[in-house]
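Counting from 1 along the sequence shown, just add 218 to a position and that's the residue number in the numbering used here.
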Amino acid sequence: MTTNSLALFGGPRTITTPFKRYNPIGAEEVEAAKAVIESGVLSQFIGVWSPDFYGGPKVQEFERQCEAYFGVKHAVTVNSATSGLIAAVGAIGIEPGDEVIVSPWTMCASATAILHWNAIPVFADIEPATFNLDPKSVEANITPHTRAIMAVDIFGHSADMDALMAIAAKHGLKVISDAAQAPGVFYKDKYAGTLAHVGSYSLNYHKHIHTGEGGILVTDDDGICERLQLIRNHAEAVVGGKGVAGLANMMGYNFRLGEIECAIGIEQLKKLKMFVASRQHAAERFSAGLKGLEGLRTPIVEPACTHAYYVYPMVLDIAKIGIPRARIVEALQAEGVTGLGSSYANLHLLPMYQQKIAYGSKGFPWTSDICRREVSYQRGICPVAEELNDRSYLGFAMCMHELTDEDVDLMVSAFRKVWSNLAALR
Ligand SMILES: *Cc1c(COP(=O)(O)O)cnc(C)c1O
């Protein structure tokens, strides 16, 4: 055994102490939450038309700060980004049976938000550079029933918004931007999430900034904003008093975020730039260290874009390396690398889509008259996403740890050690 022998084969482990867990919550958040608790007003929403329909002081303060930060006309807080996406699909006026094109390479809620309004998710393929919707595949999936596109900024890199918005304009579609993983990153001179008709950020505890659970919706459209606020807060009980004429999708929920969460969110937003910069620093150092490893593609950042590295996405050239991904992961894990995910998601392959069973047991909405054509979720509809998921994609969960330069260097050493032992792994 030499010091370069793989830990998998009994050699010394490269990383012997676990890295520090990422925790963006500090003294400022503690103070802010304490002040709310001491005030006794933990929420101030009322689900009828009144000044309190918009929530209490911290909700409104946080929303005004989000508007200023992201440069949008309206921000609407919600109790999760999942709730937010559901509200967004309702607010853009989706009808039962309408088709909404969505990426298969995302968290499940991006697609179920569509089903919640009895609309039909249609999965378009992704492009391999950023793992986001491929505009060419989006265009190929448009039918007379298509009404919207759900663009996802996966791993913290914006989708190709110019191309997607151009397709939307050409076909009269609305676009929702699921920027849950990309708060504070740029697409040209605008923040990801702000380039679509409505955008969504997550404040759940895995994300860059969090309030435990929560979400923020952003839009420049007054009508969409009003419907988001109504769906968030018992629309059906409010429309009469508020004098809202259009009743489509005015079926409300309780998607309200509390005062404590918003007070924490106000402090978190002040730190967003710093948290994103720290992930960018670690990722750039990691990429520099991994340079030259054969068959390993480090993350691609498109020109005029920045990356928030919620996940640090790599791609293996399996033909070149000659070793299955699972074996590489096993060797890296033995060296002490944690947070590796060999697969992310191919949503169309989930049981719900494969068996087309969602509402009840009889195949609604796909088997109902509102679904105007046979939509396929068969393996093969998204070849790029499937090949990445099945074989070549390797992600590292950047938001799991607070990495020092020394930690990144240890990770680089682990990767370099595994790559110098590829022959032994074959
Ligand atoms: C986290 C996430 C969501 C859902 O966020 P919640 O706040 O947990 O509901 C939606 N889409 C993507 C891409 C996500 O990463």
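The beta-carbon is built from N, C-alpha and C at its ideal position, and this holds for glycine as well.
Since this is a predicted model, take the numbers as computed values, not measurements.
query: Hey, is T300 close to ligand 1, as in C-beta under 7 Å from one of its heavy atoms?; result: yes
query: Answer with buried or exposed for M469, where buried requires no fewer than 16 other C-beta atoms within 10 angstroms of its C-beta.; result: exposed
query: Tell me whether S328 is buried or exposed, calling it buried when 16 or more other Cβ atoms sit within 10 Å of its Cβ.; result: buried
query: What is the DSSP secondary structure of P517, reduced to helix, strand or coil?; result: coil
query: Would you say the beta carbon of T324 is closer than 7 Å to some non-hydrogen atom of ligand 2?; result: Because ligand 2 does not appear in the structure shown, any question about it cannot be addressed here, the ligands present being ligand 1.
query: Within the same chain, show all residues whose beta-carbon is closer than 7 Å to that of R597, passing over the 5 residues directly before and after it, in chain order.; result: L567 and E604
query: Could you check what DSSP says for D623 in three-state terms: helix, strand or coil?; result: helix
query: Which residues does DSSP list as the beta-bridge partners of S418?; result: D396 and L435
query: Tell me whether A615 sits in a helix, a strand or coil according to DSSP, three-state version.; result: coil
query: By how many angstroms is the C-alpha of C326 removed from the C-alpha of P230?; result: 39 Å
query: Determine the DSSP secondary structure at A286, reduced to helix, strand or coil.; result: helix
query: Who are the near neighbours of D343 in its chain, counting only those whose CB is closer than 7 Å to its CB and skipping five residues on each side?; result: D352, S355, C600, P601, V602 and A603
query: Check whether the Cβ atoms of I338 and G315 sit closer than 8 Å, and answer yes or no.; result: yes
query: For V320, which three-state DSSP category applies?; result: strand
query: Assuming A366 is part of the alpha helix (DSSP H), what are its boundary residues?; result: First-last for A366: T364 to V370, but that is the beta strand (DSSP E), not the alpha helix (DSSP H).
query: For A293, which of helix, strand or coil comes out of DSSP?; result: strand
query: For E620 versus T348, is the C-beta distance shorter than 8 Å?; result: no
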